[in-house]
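Scroll down for the structure; my scribbles are underneath it.
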Ligand code: PEP
Ligand code: MG
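Numbering (this note's numbering), first residue to last: 86 to 396.
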């Protein structure tokens, strides 16, 4: 029995009626790609590239980044790797960038906004990513997109770099983590290959509660019906354009969250390495019709507490 339990994490997350969900990992270090595979991940749904830029005195070179990315494509051995471009600024201290202090860092020059201002950083990273994309199935994802102009500008720069590096077509996705991106999801869906919903930031921005606030932590719940309705809206918009939707925020790694998200039509869950086995096991124990019924009830709940009481 022990052995069977151990091996179960390597089975795909196929629901009792055959509906398939991809369970992939969130990682933030080169060595974690191998750990993710060993834990049963079917790939990496979110590589947080910030680790390459933190705790040092100058930005990583193209060669340094390339070594890290290739290390991961090798470890993944043909499994997909979604590389998110740099998401710093805000509250993450990167002294060598000399970023001006901001009164509201979470509403400031963060993520893609910083990359569009500091194109030296952005282009160097993209050059490394496109070279790594020649060694395995790499997809690119842009963080913190709030407006269509940002997405178009980011993709335009990426395409210039891609042509220069000489890499074939690469899938582009964007994080859905700002409420405006949900409201405009039908427009964004025309411009990308996939969405990945970042419920950590989406919750923070829609409830106006700092995601790291010690007092508000409990209320800033990613299963709040307001967040679930935004996720539902995002999935509907993506589906209308034939695009797929993943979730890479923390709720994807909770069994209840994974069930509700699956019921809403999300087809990829990117979770922390320790959550992979439990999420897969949960999904294998239910039918899509059950997940969907639960999701519909969750959408009608009035509070996060009511959602969490659902069975
Ligand atoms: C999120 O915001 O939900 C997310 C996955 O990105 P990060 O936690 O890195 O901001
Ligand atoms: Mg985020």
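Heads up, the beta-carbon is just placed ideally off N, CA and C, and yes, glycines get one too.
Quiz item: Out of curiosity, what's the CA-to-CA distance linking residue 358 and residue 377?
Solution: The residue you call residue 358 lines up with position 273 of the chain shown. The residue you call residue 377 lines up with position 292 of the chain shown. One Cα belongs to residue 358, the other to residue 377, and the distance between them is close to 26 Å.
Quiz item: Are there 16 or more other CB atoms within 10 angstroms of the CB of residue 176, so buried, or fewer, so exposed?
Solution: Within the chain shown, residue 176 is the residue found at index 91, counting from 1. Label assigned to residue 176: exposed.
Quiz item: When you compare each of 238, 87, 331 and 201 to residue 282 by their alpha carbons, which one comes out closest?
Solution: Taking the chain shown and counting its residues from 1, the one referred to as residue 282 is at position 197. Nearest C-alpha to residue 282: 331.
Quiz item: Under 9 Å between the Cβ atoms of residue 278 and residue 260?
Solution: Taking the first residue of the chain shown as 1, we reach residue 278 at position 193. Taking the first residue of the chain shown as 1, we reach residue 260 at position 175. Against a cut-off of 9 Å, the Cβ pair of residue 260 and residue 278 comes out as no contact.
Exercise. Could you tell me which of 186, 265, 137 and 163 sits nearest to residue 209, measuring between CA atoms?
Key: Against the chain shown, residue 209 aligns to sequence position 124. With distances taken between Cα atoms, residue 209 lies closest to 137.
Quiz item: In chain order, what residues have a CB nearer than 5 Å to some heavy atom of the ligand MG?
Solution: Qualifying residues, in the order they occur: 262, 283 and 286.
Practice problem: Consult DSSP for residue 173 and reduce its assignment to one of helix, strand or coil. | Solution: As a first step, residue 173 is located in the chain shown; it is residue number 88 there, counting from the start. It is coil, neither helix nor strand.
Practice problem: Using a threshold of 9 Å, state whether the C-beta atoms of residue 124 and residue 361 are closer than that. | Solution: For the purposes of this step, residue 124 is identified with residue 39 of the chain shown, where counting begins at 1. For the purposes of this step, residue 361 is identified with residue 276 of the chain shown, where counting begins at 1. Yes, the pair counts as a contact, with Cβ atoms nearer than the cut-off.
Quiz item: Between residue 221 and residue 134, is the Cβ-Cβ spacing less than 9 Å?
Solution: Indexing the chain shown from 1 puts residue 221 at position 136. Indexing the chain shown from 1 puts residue 134 at position 49. No; because the gap between Cβ atoms is not below 9 Å, this pair is not in contact.
Quiz item: If you check the beta carbons only, do residue 131 and residue 355 fall under 9 Å apart?
Solution: Within the chain shown, numbered from 1, the residue matching residue 131 stands at position 46. Within the chain shown, numbered from 1, the residue matching residue 355 stands at position 270. Result yes, Cβ atoms of residue 131 and residue 355 sit closer than 9 Å.
Quiz item: Is it true that the stretch 378-396 meets the stretch 146-154, where meeting means three or more beta-carbon pairs spaced less than 8 Å apart?
Solution: The stretch 378-396, when compared against the stretch 146-154, does not touch it at the 8 Å Cβ threshold.
Quiz item: In chain order, what residues of the same chain lie with their CB nearer than 6 Å to the CB of residue 336, ignoring the 5 residues before and after it?
Solution: Position 251 of the chain shown, counted from the start, is the residue given in the question as residue 336. The residues are 284, 307, 308 and 342.
Quiz item: Is the beta carbon of residue 228 within less than 8 Å of some heavy atom of the ligand PEP?
Solution: The residue you call residue 228 lines up with position 143 of the chain shown. True, at least one ligand heavy atom lies under 8 Å from that Cβ.
Quiz item: In the structure shown, what three-state DSSP assignment does residue 203 receive?
Solution: Here residue 203 corresponds to residue number 118 of the chain shown, with the count starting at 1. Looking at residue 203 - three-state DSSP - the assignment turns out to be coil, as it is neither helix nor strand.
Quiz prompt | Whether residue 273 touches residue 233 by CB criterion (9 Å) | solution = For this step, residue 273 is matched to residue 188 along the chain shown. For this step, residue 233 is matched to residue 148 along the chain shown. Going by C-beta atoms, residue 273 is nearer than 9 Å to residue 233.
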